[in-house]
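Sequence lines, in order, name chains A and B. Each residue of the first sequence is one higher than the one before, starting from 13 at the first, in the numbering used here. Each residue of the second sequence is one higher than the one before, starting from 13 at the first, in the numbering used here. Glycine included, every Cβ here is placed at the ideal spot set by N, Cα and C. Keep in mind it's a predicted model, so treat the numbers as computed, not measured. Right, one structure below, let's go through it.
There are 2 protein chains.
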Amino acid sequence: MQTTAAVRGLSCTACGESADPGVERCPDCGAVLVVDYDADAVESAADCHPFPPEATVSIDEGATPLVAVPDLAAELGVESVAVKDEGRNPTGSLADRGFALAVAAAVERGADRVGTPSTGNGAQSAAAYAARADIESKGFVPSRCPFLNKAMVNVHGGDMHVVEGRYADAVEAFAESDEAFASVAPGHPFRIAGATGLALELLADREWAAPDTVVHPAGHGETVVGLQRGFALAVDAGLADAVPRIYAAQPDACAPIAAAAADGAAEPVPVDHPDTIVGPLEVPDPAAGTAAIDAIDATDGDGVAVPDKEILQAAVDGCELGPEIGATGGTAVAGVRALADRDAFASDDEVVLVNPVAGSKEADLLRSHLMSLGM
Amino acid sequence: MQTTAAVRGLSCTACGESADPGVERCPDCGAVLVVDYDADAVESAADCHPFPPEATVSIDEGATPLVAVPDLAAELGVESVAVKDEGRNPTGSLADRGFALAVAAAVERGADRVGTPSTGNGAQSAAAYAARADIESKGFVPSRCPFLNKAMVNVHGGDMHVVEGRYADAVEAFAESDEAFASVAPGHPFRIAGATGLALELLADREWAAPDTVVHPAGHGETVVGLQRGFALAVDAGLADAVPRIYAAQPDACAPIAAAAADGAAEPVPVDHPDTIVGPLEVPDPAAGTAAIDAIDATDGDGVAVPDKEILQAAVDGCELGPEIGATGGTAVAGVRALADRDAFASDDEVVLVNPVAGSKEADLLRSHLMSLGM
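Printed below as a string of C-alpha cells:
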C-alpha cells in the first residue's frame, strides 16, 4: 500500500507488534491497530495524512472551526472553552475524517466495495466516500437508525441492511454476512487515523499551544485513541509541548468506556441492555474500548457518565451559547459540567469540547426534549 | 454605527443615493441598499468584513470548502466544476453569512430583538445568531417550513410565528406585526453583504483567479446581488482581473428572477401560484429581485429555470459525485446541465456552483424522489 513518508506502518495497541497497512486487526493478538508515524517527518498537521495525493479520497473533510464559547467558560469557572465543530464535515459528522482514509485504504487494496456496521452517521459517511471513490458500499444499521442517515445512504447510492433491533444486532448481521466487501468497521486503523488528524488540526488551530483538557463524546473509542496518538505525535515531533488530558463522556445508560476509566478497570464491560436517547453513542461493546481506556490513562484523563436528561438540556444550552450541537455533542457539554462539579478543572484551564455531529442532524431529539419541558 | 475602514456607507441599487448604515431601504426611493466599499482599503477577503472585532457577532461562519467535482466537469464538457459548499456553515446554510452581519448591525443600533419572515433556514440562522449575541429573535415562517428549521429555532430559544399558508402569507404576517423588533428581513443590506464576503472568499480559494461562471440557486436574489458586488470589488481592489458571469437558477414553478433575466425584463414579475418542492426557493416576490436582475446583466449572466424533477435528480447525482447537496443545491446542478445543453459554456470554462443548504437538511426531499423512482 502506497503511504506517505510519515507512515512507518501499523502497530498494535495491545502487544506493540508491527503490522502491514493492509490488515484490520493485529495478526498476533487480534487487538486494535494504529498508524505508526515517523515524528521526524511530521512538521505540520497536513503531514500526518497517510496517503499521497494520487491515492487520496476526499470531499474536503476537516478544517473545521474551533468556536470559542466564553459564556460556558464563565459558567464552568475556567479560562476558556472552545468547541471543535466536527458537525461541519461533508456529511455532518466526525466520521468523515475516518472514512476518507479507510475508503482510500480499501481502494488502494483493490476493493470495489466497502462494508461496515453503524449506528447511522458512519453508514452515511461510508456511502458518501465510497461514491466519491466510485466504488460500492454496504451499511448494516439497526432499525432505530435515524431516517436522515438511512435516506442519505440511499441518496449516495449505498446499499443498506436495516437490521431489526439495536446496534448489537447490526454488528452481528455484519459479522455473519457472506457478502464480499472490504471491512471498514469500527476499530479500523485508518478510521482511528482520522482522529489523529483531528488532534493535529486542533493543535494547529491553537498555534500549537495544547489545551489542558479535551472532552469527547465516546462511542467505539476510536476518536479517543486517535486523539491521544495525535497529541503524543505532536509532542514527539516538537510541534507541541504537552498532551491534554482526555475525558471520554458517555450517556450513563451506555457508558462502557467511561465507567471502566472511572473505575480504574483495564477493559470495558459490555453493556447488556443499553438504552440511551443518544443513538450514535449507544455502543454497548466498543471496538476500540480497551485501547481507548489505555489512551485516557496515558493522558491522565478520565471517564464521565451523564444522564440523558442532562445531555439533552446541555445540548439545548450549548445551542444558545455557541455552535449548533445535538444530543451527541451535548454529551460533551453535560460531561464538562459534571467534571466541573467534581472540581476537575483549575481556574486557568483551557478546555476543548468535540462536537462529533451537526446539531441539525439531531433536531428531533432536541425538539422532543423541549416538548417534555412543556415548551 | 461602528464599521471598518473598508465601509464608506450604504448606496442604493436603484437610484445610487448614499445612505447611513443604520437604514434598511433607500430613504429616497425605497429600493434595496448595498454596502459601499472603499476598494483601496480591501487587500484580502477578510478586509470586507464590515464590523470591527468588538462589534462582530460570529459562530465562525464562512471558510467553507470549494470542492472539485471532476466527474461533473466531464459530463458538462468544461474545464472544471467546483461546488462552494455553503452547507458547511454553522446552521447548515449560506444564510449564516448574512445573519452574522445583520444581527451585528442590529446590536450596534441597540436592538434587543430581531425579526424576519423566512422559508425556514433564515429563521433558524437568525435565532442562532441572536442567541449568540444574547438578544431575542422572532421568525415568521409558513406552515410548510420544514420541521428541522422550526425545531432549531426553538432550540436556539427563538420565538416563532408559524403562519398558515405559504411564504407570502408569512411575509404578510411579518409586515402587519406590531411587535417590537429590528427587521433583518430579506433584502437587508448586511444580509447582502454576507454574499459579498462569499464572493471574495471564493476568489481567494482560487488564488484570485476568477472562474468563468458562477451558478447560484436564487430565492430573494440577495446572494446574486452580493456576489456581483464582491466580484466587482475584487476587480476594483486589484485582487482579481475579471467578474464571472452569474447565472441565477430557479425551479420553473417559481422563477421570477430567472424568467425576467432570460426575457430581458428589468423587473421580476411576482408569481401568483408558486408551487415547487424546493421550499427555500419558493419565493414568489423576491425582495432583491430587481437588483439581482441588474447584477446578472452587469456580469453578462442569465437566468435558468428548471423543473422540480430535474432538480431532485440533479441533487441525487450531485451527492454521488461531490459534496452532499439537497434540493436547493440540486437547482444549481440542474441549472448548469440546462445551460450546458444550450451551449452556454466553452470547453475551457471553469464553473463554480453554490450549494446554499446542507444536503442532510433536505434528506426527506431526496429520499422521496428515490421513492418516486421505485428505489
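- Around I308 (chain A), the same chain offers V236, I258, A260, A273, D314, G315 as residues with beta carbons nearer than 7 Å, after the five sequence neighbours per side are excluded.
- A distance below 6 Å between beta-carbons, with the five flanking residues on each side excluded, links A346 (chain B) to the following residues of its chain, in chain order: V318, E322, I323, A326.
- For the stretch 136 to 172 of chain A, the continuous alpha helix (DSSP H) assignments of 4+ residues that do not extend past its boundaries occur at 159 to 167, in sequence order.
- Below the 8 Å Cβ cutoff, chain B contributes S372 as neighbours of K373 (chain A), in chain order.
- For V79 (chain B), there is no enclosing alpha helix (DSSP H); the residue is part of the beta strand (DSSP E) that begins and ends at 78 to 80.
- For A370 (chain A), the three-state secondary structure derived from DSSP is strand.
- Contact between the stretch 219 to 239 of chain A and the stretch 147 to 154 of chain A is absent: fewer than three C-beta pairs spanning the two stretches fall below 8 Å.
- The alpha helix (DSSP H) runs of length 4 or more contained entirely in the stretch 162 to 245 of chain B are, from start to end of the chain, 179 to 188, 201 to 217.
- In the structure shown, Q14 (chain B) falls within a coil segment according to DSSP collapsed to helix, strand and coil.
- Using beta-carbon distances, L378 (chain A) counts as an interface residue toward chain B, with a partner under 8 Å.
- Per DSSP, the continuous alpha helix (DSSP H) segment holding I323 (chain B) begins and ends at 320 to 333.
- As DSSP reads the structure, D97 (chain B) sits in a beta bridge with B:N367.
- DSSP lists A:G151 as the bridge partner or partners of T128 (chain A).
- Looking from the CA of G177 (chain B), the closest CA among B:T131, B:S359, B:D361 belongs to B:T131.
- Under the 10 Å beta carbon count, F159 (chain A) is surrounded by fewer than 16 other beta carbons and is classified as exposed.
- For G104 (chain A), the closest Cβ of chain B is nearer than 8 Å.
- DSSP places A57 (chain A) in the helix class (H, G or I) of the three-state scheme.
- Taking a Cβ-Cβ cut-off of 7 Å, the neighbours of L160 (chain B) in chain A comprise S372, A375, given in sequence order.
- For the set B:R354, B:A17, B:E294, the Cα lying nearest the Cα of R156 (chain B) is the one of B:E294.
- Not a single CB atom of chain A sits nearer than 8 Å to the CB of G342 (chain B).
- Only residues of its own chain outside the window of five on either side were considered, and among them L78 have a CB closer than 6 Å to the CB of D217 (chain A), listed in chain order.
- Burial is judged here by how many other beta carbons sit within 10 angstroms of a residue's own beta carbon; L377 (chain A) has at least 16 and is buried.
- E336 (chain A) and G371 (chain A) have their C-alpha atoms spaced approximately 5 Å apart.
- H168 (chain B) reaches chain A at C331, E332, counting residues in chain order whose Cβ is nearer than 7 Å.
- Taken atom to atom, the span from the alpha-carbon of V290 (chain A) to that of G74 (chain A) is near 23 Å.
- Residues of chain A with a Cβ closer than 7 Å to the Cβ of R100 (chain B) are, in chain order, R100.
- Following the DSSP letters along the chain, one finds R20 (chain A) inside the beta strand (DSSP E) bounded by residues 19 to 24.
- A straight-line Cα-Cα distance of about 42 Å links Y141 (chain B) and V19 (chain A).
- Bounds of the beta strand (DSSP E) holding D48 (chain B) are 45 to 49.
- Contact annotation for V79 (chain B) against chain A: S70, I71, D72, P102 [CB-CB distance below 9 Å, chain order].
- Across the stretch 168 to 197 of chain A, CB contacts with chain B closer than 7 Å involve H168, G169, in sequence order along the chain.
- In this structure the stretch 202 to 210 of chain B lies against the stretch 93 to 112 of chain B, because at least three pairs of beta carbons, one per stretch, are closer than 8 Å.
- Taken atom to atom, the span from the alpha-carbon of T225 (chain A) to that of L365 (chain A) is near 8 Å.
- Excluding sequence positions up to five before and after E29 (chain A), its CB lies within less than 8 Å of the CB of S23, C38, P39, D40, C41, all in the same chain and listed in chain order.
- The residues V19, R20, G21, L22, S23, S30, in chain order, have a CB closer than 8 Å to that of D48 (chain A) in the same chain once the five nearest residues on each side in sequence are set aside.
- Burial check for G276 (chain B): the Cβ neighbour count within 10 Å stays below 16, so the residue is exposed.
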